[in-house]
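Residue numbers (the numbering used here): 8 to 443.
Note that the Cβ used here is the ideal one computed from N, Cα and C, for glycine as well.
Keep in mind it's a predicted model, so treat the numbers as computed, not measured.
Data block below; observations after.
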Ligand code: ARG
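Put into structure tokens, the structure is as follows:
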């Protein structure tokens, strides 16, 4: 390993201990390095603004940071165990390229605010990408909703047959669920969009740093003011981001559950696209919904990451190296969520529905609620109508009625006969605008 940035006379470095403290961490910093570089460029401009860097030094640093970003993206600069962490790698690169000018970059900052700002930018980008994928998933669900607005399918409660429902209602529930999750991502994004840079190790510095200008250059809504509050927020913000991703994954899990259930022989309502099922190594007859199952399981990985961070959140004021263990959980949760969501639109678009099978599963008893409401709206108190319908049902007096007519009559806003698709389309449009 290159000598650490905190090396000084009398410091000693134990290779095994260093490996324990930073081996995984420096590899995870590959996710953060581009953000760290962006924030470092803003920090350089901030130092220039208060004349702590000359114009010449600031522009050399800026050019060298841009060069590092390019080299990292192309693979010609590799962040690995040669460095203690990504922060040290940036300083080593600048010093290597620019000599003494490179050594000036760390004035007025600490790795504690440096990692906090890189993480904040990473979380913001993760939430933005999550919103994009959620909205693509909502679009796919909405398309099927519109195609099958009046296609009857059974509606269940407790997994027991309840009332006639429609594919439109079922798929529309995912369009709305993905919209809800997008909105939560945007809310969380707003909540965390404050700039920790310029708080240094957690106590500020003896310099009139251009904190507000740096914050706005980085697209933050305001500075995260109190340096100790910044350190106290580390891990807690990550936890809230993972909780937000977990909410999005809940919708993926419900979809995955429904698809695995409805594609079984017992239901036989749909077939998943050929690319999304696998065969068995021994049973030649099998076609298994592994993709849906692994999407369902991805929710557990995100939930696990959330618990992992909770375990680390029990610290007194100030920075503690414990906080480093919140990084793997955040990055894992972000990757799993984004990977899972990337498959959802095609999973929805490529399934084929068996309309006949769905219709066959709507039996006469499922029209009982319509009948009770009909009797009651003609004047009979609802409880009496309910009991009379139950008696008619027991005598076999309720005929299998027309499922489409039942759907059309369900006119309460949001229900099968009045899905309110314009409202959901409008909402998706405004979420898209808010994302920009
Ligand atoms: N890898 C460290 C972290 O994630 C970076 C900050 C190190 N700061 C320190 N004072 N040792 O927390």
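For residue 419, count neighbouring C-beta atoms within 10 Å of its own C-beta (all shown protein chains included) and say buried if the count is 16 or more, exposed if not.
-> exposed
Under the criterion of a Cβ to heavy atom distance below 7 Å, does residue 15 qualify as lining the ligand ARG?
-> no
Quick one: Cα of residue 49 to Cα of residue 247, how far?
-> 26 Å
Quick one: grab the DSSP three-state call for residue 160.
-> strand
For review: beta carbons within less than 6 Å of any heavy atom in the ligand ARG = 32, 92, 118, 119, 122, 326, 328, 330, 331 and 334
Are the beta-carbon atoms belonging to residue 209 and residue 119 less than 8 Å from one another?
-> yes
Taking the C-alpha atoms as reference points, what is the distance between residue 432 and residue 190?
-> 14 Å
Coarse secondary structure for residue 261, derived from DSSP in three states = helix
May I ask you to report which of helix, strand or coil DSSP gives residue 171?
-> strand
Determine the closest residue to residue 67 out of 367, 109, 193 and 145, with distance taken between C-alpha atoms.
-> 109
Excluding five sequence neighbours on each side, which residues of the same chain lie with their C-beta closer than 8 Å to the C-beta of residue 349?
-> 140
Applying the criterion that 16 or more other CB atoms from any shown protein chain within 10 Å of the CB defines a buried residue, is residue 215 buried or exposed?
-> exposed
Which partner residues does residue 230 have in the DSSP bridge list?
-> 202
Once you ignore the five residues that flank residue 335 on each side, which residues in its own chain have a CB closer than 7 Å to its CB?
-> 31 and 35
Per-residue DSSP class, three states only, for residue 59 = coil
Environment of residue 289 [buried if 16+ CB atoms lie within 10 Å] | exposed
Alpha helix (DSSP H) segment containing residue 429, residue limits | 428-442
Thinking C-alpha only, which one of 72, 8 and 260 is nearest residue 308?
-> 260
Of the choices 142, 160, 409 and 9, whose alpha-carbon is the least far from that of residue 276?
-> 160
How far does the alpha helix (DSSP H) with residue 394 in it reach, from first residue to last?
-> 389-401
Those residues which DSSP pairs with residue 359 across a bridge | 278
For residue 295, which residues from the same chain have a beta carbon less than 8 Å from its beta carbon, with the 5 sequence-adjacent residues on both sides left out?
-> 284, 285, 286 and 287
Taking 8 Å as the cut-off, decide whether the C-beta atoms of residue 242 and residue 123 are in contact.
-> no
Could you tell me the distance, in whole angstroms, from the CA atom of residue 299 to the CA atom of residue 266?
-> 7 Å
Nearest CA to the CA of residue 510: which residue from 156, 107 and 181?
-> In this structure the chain extends from 8 to 443, so residue 510 is not present and cannot be described.
In chain order, each alpha helix (DSSP H) run of at least 4 residues that lies wholly inside the segment 25-102 | 62-81
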